[in-house]
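Sequential numbering of the sequence shown, starting at 368, is according to the working numbering.
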Amino acid sequence: MRPRTARWLAIALGVTLLGGTGSSLAQSRDVTEPPPVARAEDGTEMVRVPAGEFWMGSTEQEVARAIEECKRPGFTEATCRPWMERELPRHRVTLDAFSIDRHPVTNALYERFMRATGRPAPLYWTSARFNAPAQPVVGVSWDDASAYCAWAGRRLPTEAEWEKAARGTDGRTYPWGEQWDPGRANSDESKLGKPTPVGSYPAGASPYGALDMAGNVWQWVADWYDGGYYRRSPERNPKGPEAGTFRVLRGGSWFSAPLNLRSALRLNRSPGLRFDFIGFRCARELS
């Protein structure tokens, strides 16, 4: 087992201190990158995700494959299965049109927010490893992320919005397609040991042109976490449970094994958690 992979998987599985192709909904695939919408109030470029339905979550077969991949570094099925089964069942979701940031919020943008509001600096702010202006801001809690989005005239995306923006309507495993490709995302295989400037992997763009939806930094979304929510969530515009203990993180990071960069994977953590592989992006409705 590689030490980096083992350590990250342990974190994701909640055992350390931080405590497949589906059938298409449409005949055509969302493969043409659309032009971005107008810039948001803070200057961020956003991409439009049209209204419509998509498949959210994973099939039993996809979860079985993920469990086998999880076990390869040496974890047991008893450890891997509960984590991967969070993606069940695959279910149809219909969303209104929305726009989402093309990339995670950067240090440069977050600094403007701090100056305007007096919000304290996040963890790692003074570390040269993490504080380049074009790197995604890290070391932010869920409340920090939510406050930034509100200041910028937006909000955190729902878990459903994030997943549709990442994988489109055809149920693909990664934003770019079915097969893992280390040249399309910053993962532990990149061996960089830190986030890259946002947008460094244009070949990893999602069907709608969103970048860094796999790897670089985990991203807070709006929803509270509930492992059984998929079995009772509304089909239209689900917003997650009304309350909970943990918030949802999506996307994987520079510290993650490829398994954890899949678009359907869900991570749950305390909303107060601040770490060097956690960032966020914002979204908003389209009229």
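Positions of the beta carbon are idealized from the N, C-alpha and C atoms, including for glycine.
Helix, strand or coil at residue i according to DSSP, with G and I counted as helix
{"i": "residue 646", "result": "strand"}
{"i": "residue 428", "result": "helix"}
{"i": "residue 569", "result": "helix"}
{"i": "residue 597", "result": "helix"}
{"i": "residue 476", "result": "helix"}
{"i": "residue 627", "result": "helix"}
{"i": "residue 522", "result": "strand"}
{"i": "residue 636", "result": "strand"}
{"i": "residue 641", "result": "coil"}
{"i": "residue 551", "result": "helix"}
{"i": "residue 486", "result": "coil"}
{"i": "residue 529", "result": "helix"}
{"i": "residue 406", "result": "coil"}
Expected contact under 8 Å - CB spacing of residue i and residue j to nearest Å
{"i": "residue 507", "j": "residue 617", "result": "With 8 Å as the limit, residue 507 and residue 617 do not qualify as a contact, their Cβ atoms being about 15 Å apart."}
{"i": "residue 621", "j": "residue 562", "result": "5 Å"}
{"i": "residue 423", "j": "residue 457", "result": "7 Å"}
{"i": "residue 513", "j": "residue 650", "result": "Between residue 650 and residue 513 the Cβ distance is about 12 Å, and since that is not below 8 Å, they are no contact."}
Of the residues the options, the one placed nearest residue i, counting alpha carbons only
{"i": "residue 654", "options": "475, 422 and 416", "result": "416"}
{"i": "residue 614", "options": "636, 479, 607 and 596", "result": "636"}
Those residues which DSSP pairs with residue i across a bridge
{"i": "residue 466", "result": "415 and 651"}
{"i": "residue 586", "result": "617 and 646"}
{"i": "residue 423", "result": "458"}
{"i": "residue 544", "result": "541"}
{"i": "residue 450", "result": "Residue 450 pairs with nothing; no bridge assigned."}
{"i": "residue 503", "result": "473"}
Neighbourhood of residue i by C-beta distance below 8 Å, restricted to the same chain and skipping five residues each side
{"i": "residue 499", "result": "474 and 564"}
Contacting residues, own chain, Cβ-Cβ under 7 Å from residue i (five flanking each side not counted)
{"i": "residue 542", "result": "533, 534, 571, 572, 573, 580, 581 and 630"}
{"i": "residue 481", "result": "488"}
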